[in-house]
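**Student:**
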Amino acid sequence: MRSFNLFLLTAILLAGSLVKAQPKHQFSLGDKDFLLDGKPFQMISGELHYPRIPREAWRDRMKMAKAMGLNTIGTYVFWNLHEPQKGQFDFSGNNDIVEFIKIAQQEGLWVILRPSPYVCAEWEFGGYPYWLENEEGVIVRSKNAQYLREYENYIKELGKRLSVYQINHGGNILMVQIENEYGSYGADKEYLAINQKMFKDAGFDGLLYTCDPAADLVKGHLPGLLPAVNGLDNPAKVKELINQNHEGKGPYYIAEWYPAWFDWWGTKHHTVPADQYTGKLDSVLAAGISINMYMFHGGTTRGFMNGANYNDQAPFEPQISSYDYDAPLDEAGNPTSKFEAFRNVIQKHLSAGINLPAVPPAKPTISIPKIELENVADLNELKLKGRSSQSPLTFEDMKLDYGFMLYRTKVEGGKSGILKVKDLRDFAVVIINGQTVGKLDRRTGLDSINVNLPDGNVTLDILVENLGRINFGKYLLQNKKGIVGKVFFQNNEVTGWQNFPLPLKTVGNYKPKPSLSNLNTPVMKKGTFSLASLGDTYLNMTDWGKGVVWINGHNLGRYWQIGPQQTLYVPREWLHIGKNEILVFEVLKPENKELSAVSKPILDQLQ
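For the sequence shown, my numbering assigns the number 232 to the initial residue and increments by one for each residue that follows.
1) Residue ranges of each beta strand (DSSP E) run of no fewer than 3 residues wholly in the region 602-628, ordered along the chain?
2) Is it right to say Glu-410 is buried, meaning 16 or more other beta carbons lie within 10 angstroms of its own, or is it exposed?
3) So if DSSP puts Val-342 in a beta bridge, which residue, or which two residues, is it bridged to?
4) Grab the span of the alpha helix (DSSP H) containing Met-299 for me, first residue to last.
5) Per DSSP, Glu-817 is paired with what?
6) Give me, in chain order, the residues of the same chain whose beta-carbon lies closer than 7 Å to that of Val-385; leave out the 5 immediate sequence neighbours on both sides.
7) Helix, strand or coil: which one does DSSP assign to Thr-532?
8) Do you know offhand how far Asn-697's Cα is from Tyr-554's?
9) DSSP puts Ser-827 in a beta bridge; with which residues?
10) At the level of alpha carbons, what is the spacing between Ala-857 and Trp-728?
11) Keeping to the same chain, check which residues put their C-beta closer than 6 Å to that of Leu-819; ignore five residues upstream and five downstream.
12) Can you give me the start and stop residues for the alpha helix (DSSP H) that Gly-390 sits inside?
13) Throw me the rounded Cβ distance for the Gly-305 and Glu-278 pair, which I believe falls under 8 Å.
14) List, from N- to C-terminal side, the alpha helix (DSSP H) runs of 4 residues or more that fit wholly inside the region 405-485.
15) Please classify Ser-761: is it buried, with 16 or more other beta-carbons within 10 angstroms of its beta-carbon, or exposed?
16) Just list the residues that DSSP pairs Thr-759 with in beta bridges.
17) Measure the CB-CB distance between Glu-364 and Glu-603 and report whether it falls below 8 Å.
18) Secondary structure at Thr-675, three-state DSSP: helix, strand or coil?
19) Identify which residue in Tyr-633, Lys-470, Asp-432, Arg-283 has its Cα closest to the Cα of Met-526.
20) When burial is assigned at 16 or more other CB atoms within 10 Å of the CB, is Leu-826 buried or exposed?
21) How is the alpha helix (DSSP H) around Ala-659 delimited, first residue to last?
22) Can you tell which of Leu-610, Pro-802, Glu-478 has the C-alpha that lies nearest to the C-alpha of Thr-858?
23) Helix, strand or coil, according to DSSP, for Arg-283 in the structure here?
24) Going by DSSP, what residues sit across from Gly-277 in a beta bridge?
25) Please confirm whether Tyr-790 and Ala-563 have their CB atoms less than 8 Å apart.
26) State the beta-bridge partners of Lys-641 as determined by DSSP.
27) Taking the straight line between their C-alpha atoms, what separation do you get for Gly-716 and Thr-726?
28) Starting from the Cα of Leu-677, find the closest Cα among Met-293, Thr-667, Leu-655 and give me that residue.
29) What three-state label does DSSP hand Ala-593 in the structure shown?
30) Buried or exposed: Val-780, going by 16 or more other Cβ atoms within 10 Å of its Cβ?
31) Start and end of the beta strand (DSSP E) containing His-256?
32) Would you check if the distance between the CB atom of Leu-610 and the CB atom of Pro-743 is smaller than 8 Å?
33) Does the Cβ of Lys-317 have 16 or more other Cβ atoms within 10 Å, making it buried, or fewer, making it exposed?
34) Whose CA, out of Ala-583, Pro-592, Tyr-541, lies closest to the CA of Thr-567?
35) Terminal residues of the continuous beta strand (DSSP E) containing Ile-551?
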């Protein structure tokens, strides 16, 4: 035993010496350039987000980044993923950002880390965890004491895991961003200074920086830190703006350069030809300015994690599940014409004799002609234990983060009139005695329908879906979900509710139920299919209504017949040779019984 202990002690000491022996680089700010080990270094970076890419594909995406000529990648860190419930942290599976950063280092890529904790990113609540809505008096992005306590707990937890991967500790994180486009929200320099201190106290002792749109940079910049600019690619103007806010000097960094844009439900798919950007990229690189493409690869916002836009001039706009973004790498991680065009520009600016790696071949795709589905669970089987209340309770009241809520009550029948749901958030189907009679939609302002109640004691159900909390703007703190107001029938308040959560986070081992074959309400459906070979594929939901899909236990995201997205991307990494299982929670067309998978996505079809 003594010899074993001596061996163990020797191994521990050797491991410690190996860690200390890792090469450390120096990364600093010159007057005009970033300096890596004292030499000018130009970051050619692209944004890609670890939760939007299957963990099994992280390395493949990074190899594509290298092949396009990137030397750096940027990523946000998403608070609501890592602390889904207060005090409960999760860095496992697709949330394992430490492994993501390690793989980047193995692939020879530097990292720009953006923990904020507010990220925007077309992400649910801008990255904030839903439970902040339940913290009394919390005001996000402010000096509010309760907010700062929760923020500090989170950032310290990140620091424990990530600070050792900064470049000054032998890692590959070049810089860490505090806050995120704060100038678009406020101008409190004291609040920004608190951010800076929190990051340092959490162990982020390397280079910190801020980023803001050009018009808001003065408000969002903290003197003493490097100001980066978003959405501006005129070299002279970039340099002028940063000089004005950084003691007359650089270096110069465009933290978000947009080669296209994101999509939301009911609006056309956004695309921009590569030739509108190649000249701009060329001029930026020629000027020695560092750049981060947002996005290099968007991927998919799976589950219920999409955000929404809303302001006084525009309606509620929940984003779609595809985050294709018309980026250089498409949703599945294959190079596009934009990839090739940008690669050619980057190659032009490399030192003589240096050639980019060969572009990995596009991945194989498959189609599946027909998958038959059977009903396996109705709302009564899917709902969790409920609570009684006079007026409807919100998702937050029920500690329900995402998904659906079923509201149920009894009303006296034999009447007709207008049923109104005040402050609906966000989409609902109305069900009377087990029959769907209509739908309501916050996006279009549809909060009322005319209903005919049969005689007797009538069961009224309202199934409400959270379509995504607002991720940008002044309404971040008005993000509660469900029925936030009251329900009225014939102008009289309807009371006496049962509130049943349907989080649909995990999927059960459902079996077909013939008794549900003629159901006219939202239903869970199940099917199986066999594969002899693997490849990426796209579930074609064009003829379906609205809902969510799982393949082999993986949530693929939402679909909605209104478009523009009509397919759901299925990564080959989540498919099996032989039997595969699919579950579909269909809200509007419970009669549907089959679907197919196609070899190309449909992202631009409005219905």
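Glycine included, each C-beta is placed from N, C-alpha and C at the ideal position.
**Tutor:** By the coordinates alone:
1) 605-608, 618-620
2) Position 179 of the sequence shown, counted from the start, is the residue given in the question as residue 410. Around the beta carbon of Glu-410, 16 or more other beta carbons sit within 10 angstroms, so the residue counts as buried.
3) Translated into the one-based positions of the sequence shown, residue 342 becomes position 111. The partner list for Val-342 (beta bridge, DSSP) reads Ile-304, Ile-404.
4) Locating residue 299 in the sequence shown gives position 68, where the first residue counts as 1. Run containing Met-299: 289-299, per the alpha helix (DSSP H) assignment.
5) Position 586 of the sequence shown, counted from the start, is the residue given in the question as residue 817. Glu-817 is bridged to Val-754, Gly-778.
6) As a first step, residue 385 must be located in the sequence shown, where it is residue number 154. According to the sequence shown, residue 385 is Tyr rather than Val. So the qualifying residues of the chain are Trp-310, Glu-314, Pro-348.
7) Mapped onto the sequence shown, residue 532 falls at position 301. The answer is coil: DSSP assigns Thr-532 none of H, G, I, E or B.
8) To locate residue 697, count along the sequence shown from 1; it is residue 466. To locate residue 554, count along the sequence shown from 1; it is residue 323. Cα to Cα, the separation comes out at about 19 Å.
9) Position 596 of the sequence shown, counted from the start, is the residue given in the question as residue 827. DSSP output for Ser-827 lists Asn-771 as bridge partner(s).
10) Nothing about residue 857 can be reported from this structure: the residues present for the chain run from 232 to 838 only.
11) On the sequence shown, residue 819 is found 588 positions in, with the first residue counted as 1. The answer, listed in chain order, is Gly-776, Lys-777.
12) The count along the sequence shown starts at 1 and reaches residue 390 at position 159. Gly-390 -> alpha helix (DSSP H) spans 376-393.
13) In the sequence shown, residue 305 corresponds to position 74, counting from 1. In the sequence shown, residue 278 corresponds to position 47, counting from 1. With a Cβ gap of about 4 Å, Gly-305 and Glu-278 count as contacting.
14) Counting only runs of 4 or more, we get 420-432, 448-451, 466-476.
15) Locating residue 761 in the sequence shown gives position 530, counting from the first residue. By the 10 Å Cβ count, Ser-761 comes out exposed.
16) Walking along the sequence shown from the start, residue 759 turns up at place 528. Beta-bridge pairing links Thr-759 to Glu-812.
17) As a working note, residue 364 is residue 133 in the sequence shown. As a working note, residue 603 is residue 372 in the sequence shown. Contact flag unset, no.
18) Position 444 of the sequence shown holds residue 675. Residue state, collapsed to three classes: helix.
19) Residue numbering aside, residue 526 sits at position 295 when the sequence shown is read from its first letter. For Met-526, the nearest C-alpha among the options comes from Arg-283.
20) Translated into the one-based positions of the sequence shown, residue 826 becomes position 595. That one is buried.
21) Residue numbering aside, residue 659 sits at position 428 when the sequence shown is read from its first letter. Per DSSP, Ala-659 lies in no alpha helix (DSSP H); the unbroken beta strand (DSSP E) holding it starts and ends at 658-663.
22) Residue coverage of the chain in this structure runs from 232 to 838, which leaves residue 858 outside it and unanswerable.
23) The sequence position of residue 283 within the sequence shown is 52, counting from 1. Correct three-state label for Arg-283: helix.
24) In the sequence shown, the residue the question calls residue 277 occupies position 46. The partner list for Gly-277 (beta bridge, DSSP) reads Ile-304, Met-524.
25) As a first step, residue 790 is located in the sequence shown; it is residue number 559 there, counting from the start. As a first step, residue 563 is located in the sequence shown; it is residue number 332 there, counting from the start. The beta carbons of Tyr-790 and Ala-563 sit no closer together than 8 Å.
26) Position 410 of the sequence shown, counting from 1, holds the residue named residue 641. Answer is Thr-690, bridged to Lys-641.
27) Sequence index remark: in the sequence shown, residue 716 carries index 485 (1-based). Sequence index remark: in the sequence shown, residue 726 carries index 495 (1-based). When rounded, the distance between both Cα atoms is 12 Å.
28) The residue labelled residue 677 in the question sits at position 446 within the sequence shown. Ranking Met-293, Thr-667, Leu-655 by Cα distance to Leu-677 puts Leu-655 first.
29) Working through the sequence shown from its first residue, we reach residue 593 at position 362. Coil at Ala-593, not helix or strand.
30) As a working mapping, residue 780 is identified with position 549 in the sequence shown. It is buried - the Cβ of Val-780 has at least 16 other Cβ atoms within 10 Å.
31) If you number the sequence shown from 1, residue 256 lands on position 25. Careful: His-256 lies outside any beta strand (DSSP E) and carries neither H nor E.
32) The sequence position of residue 610 within the sequence shown is 379, counting from 1. The sequence position of residue 743 within the sequence shown is 512, counting from 1. Not a contact, by the Cβ cut-off of 8 Å.
33) The count along the sequence shown starts at 1 and reaches residue 317 at position 86. Lys-317 is exposed by the Cβ-count criterion.
34) Taking the first residue of the sequence shown as 1, we reach residue 567 at position 336. For Thr-567, the nearest C-alpha among the options comes from Pro-592.
35) Position 320 of the sequence shown, counted from the first residue, corresponds to residue 551. Careful: Ile-551 lies outside any beta strand (DSSP E) and carries neither H nor E.
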